[in-house]
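Asks: Residue numbers -21 to -1, 1 to 380, in mature numbering (1 follows the signal peptide of the UniProt record, and there is no 0), belong to the letters of the sequence shown in order.
Quick one: structure below, then a few questions.
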Amino acid sequence: MRTLTVIAVCLILLASAGVTGTTVSRHPFHRCNWCGINAACVSNICRCLSGFVGYPYFICFKPAHFDLCQFCDDPVVTTENGDNVAVHYLDSTLLFDKAVSKGRLGTCHIRVVVSNYRLKGKSFPRCVFVRYDLKNIHGQLVCSFGFQICGFSLLDGSLRWQVSLATITRDGRTSFGPWKTIRSSIVGTYTFRACNNLIYFKVSKGRILTLEASCCPFHLGFRPFIKRIFWLKTGIFILTLKPKVRPAAPSGSVRGFPICLRPGLPISYVEQNLRLPDRRFAMSFLALTNLPPGLVYLSPERKDLVQTLVACPAAKLQTLFRDADFILFSPLFIREISGTTKGFAEVLKVAKKIADWFCKDDAVSCRNATATITDKAKNLLGEPNKHPKLVKFKTDNCKKP
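Next comes the structure, spelled out in structure tokens:
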């Protein structure tokens, strides 16, 4: 409770619009209606409160006391080490994975998985799954619980979050059942009890839904993408107390690490460990392949792609990311391949075939991929100066070595 009190003190969830004195009526999309946590409106601009740093339209915090991870926009991850990198076309990824000590009470193991949806070739956070595993001092599992929160925005700028309860069996299987719909227009705190702990949901400043549990010093915020406010930062933040002792650098592979990473673990270390000489390549590979089996559902297309990437020799993996990075980083390519279909299945299928070519010398898969590209991305192929790698892939590949 002591650590939660510290978090509660730091997170000044102001009830007003950040205006001192008289109440001012503003248009729903006025900037000052979207001041974030620990921010206030000053001269029609949101600013962090004194002593806080961050983005005033999302969250401001004290870096000396807290670690912050953010997964925002289309999407860009800001790791707990403060590095920024874009990770594109993800359907889902393991965002956060940390065991927090509770002293003589054991540990609280928290994992967060984010699931995205596709809009005009980009991906935005749709749902976040938070799982808590409470263990005793001997490391034995005592109790597990979790929530899935899906966020939606309406044309008038109002938001709603559909919260589902996760039932987790002893063998790790997870099922979901509806619990509550929370709306940004209704100010209040919603509580739920699980494993003898209270869990609090609250609509905070900036129309951000926050989640915290009495058992763990962990604070999550989620604001879904709002089409009419293109400049507004949207997505997920995770705030945790800074550990007294910095964890040692990992001795083995970083494969399976959450993309929030952790303090003291820069993206450059991930590049070196995975032998992928580009921060975008390294973090995208990690984001694609880090989901533990059984934690959440993975589509067959995603499973097939992951199996190929994980087994791919390092030199061939480097060539794949270097010569065919359009499958990861081109919103136009993703949009053309996916068309009007929802989700990521179509682009994942093409990515799998291209990976089979580079990693396994599978010429049949390569020809199938180029046939799809010729059929669906002919507009891009007609602009070789704008899409040189795509054109080069089509003309130079698919020949048996």
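For each residue, glycine too, the CB sits at the ideal point set by N, CA and C.
#1: Identify whether Asn358 lies in helix, strand or coil by the three-state DSSP scheme.
#2: Which of the three DSSP states is assigned to Gln127 in this structure?
#3: How is Trp336 classed by DSSP in three states: helix, strand or coil?
#4: Quick one: residues in its chain with C-beta nearer than 6 angstroms to the C-beta of Ser137, no 5 flanking neighbours on either side, listed in chain order?
#5: Starting from Lys114, trace the beta strand (DSSP E) in both directions and tell me its first and last residue.
#6: Could you check where the beta strand (DSSP E) with Gln141 kicks off and where it finishes?
#7: For a test of the three-state rule: what should DSSP assign to Gly200, helix, strand or coil?
#8: Can you tell me which of the three DSSP states Val224 falls into?
#9: Just to confirm, are Val121 and Cys239 a CB contact at a threshold of 9 angstroms?
#10: Rounded to the nearest angstrom, what separates Cys27 and Ala348 at their Cα positions?
#11: Expressed to the nearest angstrom, what Euclidean distance is found between the alpha-carbon atoms of Glu59 and Ile246?
#12: Assuming Leu288 and Ala334 make a contact with CB atoms under 8 angstroms, what is their CB distance in whole Å?
#13: Could you check whether Thr189 and Leu177 sit closer than 9 angstroms to each other, using their CB atoms as the reference points?
#14: With H, G and I counted as helix, E and B as strand and the rest as coil, what does DSSP make of Cys11?
#15: So, helix, strand or coil for Lys48, using DSSP?
#16: Among the candidates Asn269, Phe312, Pro54, Asp341, whose CA atom is the shortest distance from the CA of Lys295?
#17: Which of the three DSSP states, helix, strand or coil, is assigned to Lys181?
#18: Entirely within the region 228 to 280 and at least 4 residues each: give me those alpha helix (DSSP H) ranges in chain order.
#19: Give the straight-line distance between the Cα atoms of Gly195 and Cys20, rounded to the nearest whole angstrom.
#20: Could you check the C-alpha separation between Phe201 and Ile352 for me, to the nearest Å?
#21: Bridge partners for Leu188 per DSSP, in chain order?
#22: Quick one: Cα of Lys373 to Cα of Glu280, how far?
#23: How far does the alpha helix (DSSP H) with Val370 in it reach, from first residue to last?
#24: Which one or two residues does DSSP pair with Asn17 in a beta bridge?
#25: Go ahead and pull the three-state DSSP assignment for His207.
#26: Would you kindly report the start and end of the unbroken alpha helix (DSSP H) that includes Lys77?
#27: Taking 6 angstroms as the limit between beta carbons, can you name the residues of its chain near Thr2, skipping five residues before and five after?
#28: May I have the straight-line CA-CA distance separating residue 381 from Asp70, to the nearest angstrom?
#29: Gln251 to Leu134, Cα distance in whole Å?
#30: According to DSSP, is Lys212 part of a helix, a strand, or is it coil?
#31: In or out: Arg110 buried (at least 16 other Cβ within 10 Å) or exposed?
#32: Relative to the alpha-carbon of Arg254, which residue among Leu267, Pro242, Asn23, Arg234 has its alpha-carbon at the smallest distance?
#33: For Ile313 and Gly30, what's the separation of their Cα atoms in angstroms?
#34: So, for Asn12: in the same chain, excluding its five sequence neighbours on each side, which residues have a beta-carbon less than 6 angstroms away from its beta-carbon?
#35: Which word fits Trp140, buried or exposed, when buried means at least 16 other C-beta atoms lie within 10 angstroms of its C-beta?
#36: Does the separation of the CB atoms of Arg241 and Asp62 fall below 9 angstroms?
Replies: From the atom records:
#1: helix
#2: strand
#3: helix
#4: Ser163, Ser164
#5: 101 to 114
#6: 138 to 147
#7: strand
#8: coil
#9: no
#10: 49 angstroms
#11: 11 angstroms
#12: 6 angstroms
#13: no
#14: helix
#15: Sequence inspection shows Cys at residue 48; the Lys mentioned does not correspond to that position. In the structure shown, Cys48 sits in a strand (DSSP, three-state: E or B).
#16: Asp341
#17: strand
#18: 246 to 253, 258 to 268
#19: Reading the sequence as shown, one finds Cys at residue 195 and not Gly. One C-alpha to the other measures close to 31 angstroms.
#20: 36 angstroms
#21: Val182, Phe201
#22: 22 angstroms
#23: 367 to 375
#24: None; Asn17 has no bridge partner.
#25: Looking at the sequence provided, one finds Arg at residue 207 rather than His. Reduced to three states, the DSSP call for Arg207 is coil.
#26: No alpha helix (DSSP H) contains Lys77, which is instead part of the beta strand (DSSP E) from 71 to 80.
#27: Interpretation of Thr2 is limited by its pLDDT of 44, a score under 50 that renders its predicted location unreliable; no figure is taken from the coordinates.
#28: The structure shown does not extend to residue 381, since the chain is modelled only from -21 through 380, so no value can be given for it.
#29: 45 angstroms
#30: coil
#31: buried
#32: Arg234
#33: 42 angstroms
#34: Arg5
#35: buried
#36: no
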